[in-house]
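Colleague: For the sequence shown, the positions run 1 to 424 when UniProt numbering is used. The beta carbon of each residue, even a glycine, is placed where N, CA and C say it ideally should be. Here it is, the structure, as structure tokens.
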Amino acid sequence: MKQDILIIGGGASGLAAAILAARNGAAVTILEHTDRVGKKILSTGNGRCNLTNLHMGPECYRSEDPGFPMEVVNGFPVEETLEFFRTLGIEPKDRNGYIYPGSDQASSVLDGLRMEAEHLGVLLKTGCQVERIQAPHGGENRSFRVMTSQGSFEARAVILAAGSKAAPNTGSDGSGYELARQLGHSIIKPLPALVQLRCQGKHYRQLAGVRTEADIQLKADGKRLARDRGELQLTDYGISGIPVFQISRFAAVALDEGKRVEAEIDFLSSWPRGETVERLKKRAELLSYRNCEDFLSGLLNKKLAQVLIKAAGIPLSRPAGELKRRELEELGGYLRSYRALVASVNPFANAQVCRGGIDTRQVDSGTMESRLCPGLFLAGEILDVDGICGGYNLQFAWSSGALAGRAAADLTAGKKRRERSRAR
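Listed below in structure tokens is the structure:
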């Protein structure tokens with residue numbers, strides 16, 4: 001039996017598309033290559049699912065086509081998203097603009113989406129690997145034919161929502177890119193984003209587990225690319241934490257281009273920069289009886305302080321009262337402008353999303369329909385859109401999926417009317 005719509009990928013955007021299409025009268029089947037739909041939803045928001053964010057603007061998204069993300073989001077905005085989830089029995093909870101389900105459980109979000117899809121008659125075919133998509137080519141063949149590990153399917157429209165290459169353990173293996181290429185689309189090279197940075201230096205092993213507030217500037221060949229501030233996490237291989245995730249996609253691109261990438265870290269960003277040496281001098285006078293090993297105790301994490309003091313060439317056994325001004329200036333330089341040489345970003349397995357994907361200039365932002373292959377719609381992470389942390393990537397998934405589902409349902413309704421007319 002021919003379906004109205006086949007959706008390839010049962011993640012956030014695919015489920016949203018299925019529900020909106022079914023609510024608009026379409027017969028829908030989801031083809032999901034893992035053993036269950038929505039695996040990646042379960043890991044979002046540390047298992048609590050940060051559904052969206054009340055602050056929404058173009059600065060929250062990155063793409064080679066900068067205006068595209070917000071055009072999509074404005075087509076199915078935050079207010080409509082919140083109402084959509086209320087219809088699934090999910091009551092949104094506001095935490096300073098960050099929206100979570102009232103249950104604080106990502107599993108409840110997935111359950112709500114899955115149960116609504118099943119209630120609407122959406123067929124869920126799991127363990128179904130899509131191998132090839134054959135587009136309509138005129139004549140009697142006005143349908144898409146999708147070849148899979150479970151046989152072939154026909155549909156009046158296809159929504160490709162197969163995800164990116166990030167977090168492959170959740171099913172995002174990048175297979176959708178090749179399907180898009182088969183249908184004429186260009187792929188901007190996918191690279192890991194919202195991911196940790198691996199840095200050169202043996203001292204990171206000493207710092208593993210340290211968390212501290214910091215300001216981070218990312219530079220490539222000396223030019224500043226991005227900046228963020230928040231809780232920095234030091235690992236045995238480099239740096240992590242929200243501010244690192246926010247700048248990581250720029251590091252991935254610069255490294256891929258062969259540039260020298262550094263993260264310049266300010267560990268005392270709450271201090272006026274011009275007062276650093278004088279404040280350190282007063283501290284040395286006040287705590288003159290202490291050795292330098294404990295000189296910064298109470299100001300910085302002790303392990304971090306000791307690494308920076310040694311980097312400045314100051315013996316830990318030296319009494320703080322004996323520190324010379326030039327030594328305090330050297331130490332101030334490390335405290336305010338520590339330079340971590342970035343060797344690489346962590347791989348796709350550690351990334352939350354990807355930079356890159358299907359070139360959005362080949363997609364209609366109002367309907368998510370391909371400009372190259374009529375009847376093909378594209379949604380979610382497979383597109384060249386990546387958002388910052390805070391619910392933005394999920395909002396793009398809901399918005400792009402909803403627009404694709406609605407538009408595909410409208411298209412297939414028109415196709416069915418024409419088919420009935422020809423039959424008469």
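If you run the structure through DSSP and keep just helix, strand and coil, what is ASP410?
Modeller: The answer is helix: DSSP assigns ASP410 an H, G or I state.
Colleague: Could you tell me which of LEU42, ARG48, THR81, HIS33 sits nearest to GLY401, measuring between CA atoms?
Modeller: Looking at the Cα atoms, THR81 is the closest of the given residues.
Colleague: Taking the straight line between their C-alpha atoms, what separation do you get for LEU20 and SER399?
Modeller: The alpha-carbon atoms of LEU20 and SER399 are separated by roughly 11 Å.
Colleague: In terms of alpha-carbon separation, which member of ARG249, ASP35, ALA22 lies closest to LEU191?
Modeller: For LEU191, the nearest C-alpha among the options comes from ARG249.
Colleague: Scan the stretch 122–209 and note each continuous beta strand (DSSP E) run of 3 residues or more that stays entirely inside, going in chain order.
Modeller: DSSP runs (the beta strand (DSSP E)) wholly in the stretch 122–209: 123–126, 130–134, 144–148, 151–160, 187–193, 197–199.
Colleague: What does GLN217 pair with, by DSSP beta-bridge criteria?
Modeller: According to DSSP, which records beta bridges pairwise, GLN217 is partnered with ARG227, GLU264.
Colleague: Could you name the residues that DSSP lists as bridge partners for TYR100?
Modeller: Paired residues: LYS93.
Colleague: Mind reading off the beta-carbon distance from ILE133 to ILE5? Whole number of angstroms is fine, and I expect it under 8 Å.
Modeller: About 13 Å separates the two Cβ atoms, so there is no contact after all.
Colleague: What residue range is occupied by the uninterrupted beta strand (DSSP E) comprising GLY238?
Modeller: That run of the beta strand (DSSP E) goes 238–240.
Colleague: Are ASP359 and GLU64 close, meaning C-beta to C-beta below 8 Å?
Modeller: Yes, Cβ-Cβ distance for ASP359 and GLU64 is below 8 Å.
Colleague: Please name the residue, chosen from GLN129, ASP294, LEU183, that lies closest to LEU372 on a Cα-to-Cα basis.
Modeller: Checking every option, the nearest Cα to that of LEU372 belongs to LEU183.
Colleague: Can you list, in chain order, the stretches of the beta strand (DSSP E) that have 3 or more residues and sit fully within the stretch 254–311?
Modeller: Taking only runs of at least 3 residues, the beta strand (DSSP E) segments lying wholly in the stretch 254–311 are 261–266.
Colleague: Within the same chain, show all residues whose beta-carbon is closer than 7 Å to that of ARG145, passing over the 5 residues directly before and after it, in chain order.
Modeller: If we look at ARG145 and ignore the five residues flanking it on each side, its Cβ neighbours are GLN134, SER152, GLU154.
Colleague: Let me know the secondary structure DSSP gives ARG318 once reduced to three states.
Modeller: Coil at ARG318, not helix or strand.
Colleague: First and last residue of the alpha helix (DSSP H) that includes ASP364?
Modeller: Where ASP364 is concerned, there is no enclosing alpha helix (DSSP H), given that its DSSP letter is neither H nor E.
Colleague: For the stretch 113–132 and the stretch 369–385, state whether three or more C-beta atom pairs, one from each stretch, are separated by less than 8 Å.
Modeller: No, because fewer than three Cβ pairs between the stretch 113–132 and the stretch 369–385 fall closer than 8 Å, the two stretches do not touch.
Colleague: By the three-class DSSP mapping on this structure, what secondary structure does GLY45 have?
Modeller: Of the three classes helix, strand and coil, the one that applies to GLY45 here is helix, per DSSP.
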